[in-house]
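These notes are about the structure you will find just below.
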Amino acid sequence: MGRGGRVGHVGRIGRRLESAEAPRPFSGAEGSREMSLSGFVRFRCTPLIVVVWAALQASSAQGQQRGGTPQTDKVQPVNSGANPYRVIRNWAQAPEGREWGGSNGVAIDRDGRSVWATDRCSPGTTPGCLGTKANPVHKFDESGKEIKSFGGAMFVWPHGIHVDRDGNVWVTDARAPSPDDLNRFPGERDKGSVVVKFSPEGKVLMTLGKPGVRANPPEGLTDPTDVVTDPGNGDVYVAESHTDVTAPNLVGRISVFDKSGKFLRTIGKAGTGPGEFRTPHALEFDSRGRLIVADRHNHRIQILSKEGKFLAAYDQFGRISGLAIDGNDMIYTADSESTERAHPGWLKGIRIGSLKDGKVTMFIPPHKTDAPDGAMGEGIAIDAAGNLYTAEATLRGVTKYVKN
């Protein structure tokens with residue numbers, strides 16, 4: 537499994553596309569961008585969903601900002617693989633009898649079957665879980681029934697989730713309360729911008745960062761988006777940050793801690809060069825022990841050594857929000873942000889390819905909605921049977937893609 541936690545009704549979505557050229561690091565994929573949209577799963581959005589979608593788009597500066605470089609954004613690849621998945625939207629039971637909030641993180645339990653996910657507590661809580669005691673960390677059985685939840689009154693904006701080799705659950709909180717938040721919720725100052733390690737039962741085992749404080753490690757963290765542990769020695773890698781990429785003090789880095797929580801080093805900085813990041817949004821290790829980074833705003837996958845040495849970059853995977861890797865080093869990426877404004881000529885969707893050559897061979901289109909670009913989940917995970925799961929930030933909940 538690539539990630540202890542990520543590797544690990546029915547709509548017809550199959551379609552066949554043409555073959556793709558093998559990519560070159562920092563070069564655009566070649567080929568036609570003509571892509572049939574037939575075969576989308578069709579869903580009618582209620583006015584509430586449309587409003588929520590619009591609010592989320594408006595509130596996300598990153599989601600509207602043009603990213604990438606001329607090297608990464610030439611032409612969207614086309615892919616030859618037939619789509620072998622059928623879609624089950626709203627697969628996971630709504631938590632605690634309430635509605636789902638936006639969901640960013642999904643992971644597979646070490647049993648290879650059970651599914652963990654985060655959500656932002658409910659559609660009515662802005663920006664996330666402030667002012668509520670609802671549990672944002674959930675475990676589901678193979679049928680999608682919730683069997684456990686915890687983490688209530690601990691988070692501002694639950695985001696990434698990871699299950700380590702011992703079954704412990706790591707969750708990132710990608711925001712600290714803003715001044716406006718504190719005017720509404722004055723008692724919530726000491727929350728946010730941290731990574732929390734839980735036991736499988738929900739006991740807090742460790743907190744990285746200082747709650748409510750955005751800072752440089754070891755004093756704190758800045759809006760951590762994702763976390764992964766080295767399956768060999770247990771070192772902890774934390775991706776930062778989730779801020780406006782035009783900010784003059786933009787942070788783009790990966791902070792590394794040992795298994796006891798001692799700060800070791802920082803990898804990278806904000807920028808567009810090799811080993812630099814603009815919104816490192818998801819992390820994984822492959823079978824060779826290389827660190828795989830979804831460098832979202834730079835529209836690329838970066839491959840690094842554990843020490844942070846740049847090894848390669850692949851640009852066929854779009855504006856990547858989430859990634860998962862299977863035991864054969866096939867990579868599954870979720871592009872939830874490509875639009876004509878933010879990433880012209882590219883579609884949202886799931887792209888599947890090989891880390892051996894960076895070639896995308898399969899594409900799963902986005903959910904059809906009343907929005908012109910559709911919708912796609914952010915987090916993505918693969919279970920032991922090869923089924924995929926996406927955490928839906930805009931449509932909310934968890935989608936399952938059953939491999940036929």
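The sequence shown begins at 537 in the numbering used here and counts up one residue at a time. Each residue gets a CB set at the ideal place from its N, CA and C atoms; glycine is no exception. Keep in mind it's a predicted model, so treat the numbers as computed, not measured.
Taking the CB atoms as reference points, tell me whether GLU632 and ASN671 lie closer together than 9 Å. yes
State the Cα-Cα distance for the pair GLY889 and GLY863, rounded to the nearest angstrom. 13 Å
Does ARG887 come out as helix, strand or coil in the three-state DSSP assignment? strand
Three-state class that DSSP yields for LEU666 in the structure shown: coil
Could you name each continuous beta strand (DSSP E) segment of 3 residues or more that falls completely within the segment 755 to 822, going from the start of the chain to the end? 760 to 765, 772 to 776, 789 to 793, 799 to 803 and 816 to 821
If you count every other CB in all the chains shown that lies within 10 Å of the CB of THR782, and 16 or more means buried, which is it? exposed
Going by CA-CA distance only, name the one from TRP882, VAL896 and ALA920 that's closest to GLY910. TRP882
Beta-bridge partners of GLY915, as assigned by DSSP: ALA927
In the DSSP assignment, the beta strand (DSSP E) including ASP831 goes from what residue to what residue? 827 to 831
Relative to the C-alpha of ARG701, which residue among ARG789, THR765 and ASP906 is closest? THR765
How is the beta strand (DSSP E) around PRO694 delimited, first residue to last? 694 to 699
Take the Cβ of ALA478 as the centre, count every other Cβ of all protein chains shown within 10 Å, and call the residue buried at 16 or more, exposed below. This structure leaves residue 478 out entirely; the chain is present only between 537 and 940.
Could you name the residues of the same chain whose beta carbon sits closer than 7 Å to that of CYS581, not counting the 5 residues immediately before and after it, in chain order? Confidence at CYS581 is low in this model, with a pLDDT of 42, below 50, so its placement is unreliable and the value that follows should be read with caution. Closer than 7 Å at Cβ, skipping near neighbours: THR905 and ASP906.
Using DSSP's beta-bridge definition, name the partner residues of MET690. MET690 is not bridged to any residue.
For LYS681, which of VAL692, TRP652 and PRO659 has the nearest alpha-carbon? TRP652
Residues in the same chain with beta-carbon distance under 6 Å from LEU786, minus the five sequence neighbours each way, listed in chain order, please. ALA806
Say whether the segment 873 to 882 touches the segment 821 to 829, bearing in mind that this needs 3 or more beta-carbon pairs closer than 8 Å, one atom from each stretch. no
From HIS835, THR668 and VAL673, pick the residue whose C-alpha is nearest to that of PHE734; which is it? VAL673
Of all the options LYS939, VAL938 and VAL934, which has the alpha carbon lying nearest to the alpha carbon of SER639? VAL934
Within 10 angstroms of the Cβ of ASN940, are there 16 or more other Cβ atoms? Answer buried if so, exposed if not. exposed
Put ARG622 into one of helix, strand or coil per three-state DSSP. strand
Beta-carbon of ALA643 versus every beta-carbon of chain D: anything under 9 Å? The structure shown has no chain D; it contains just one protein chain.
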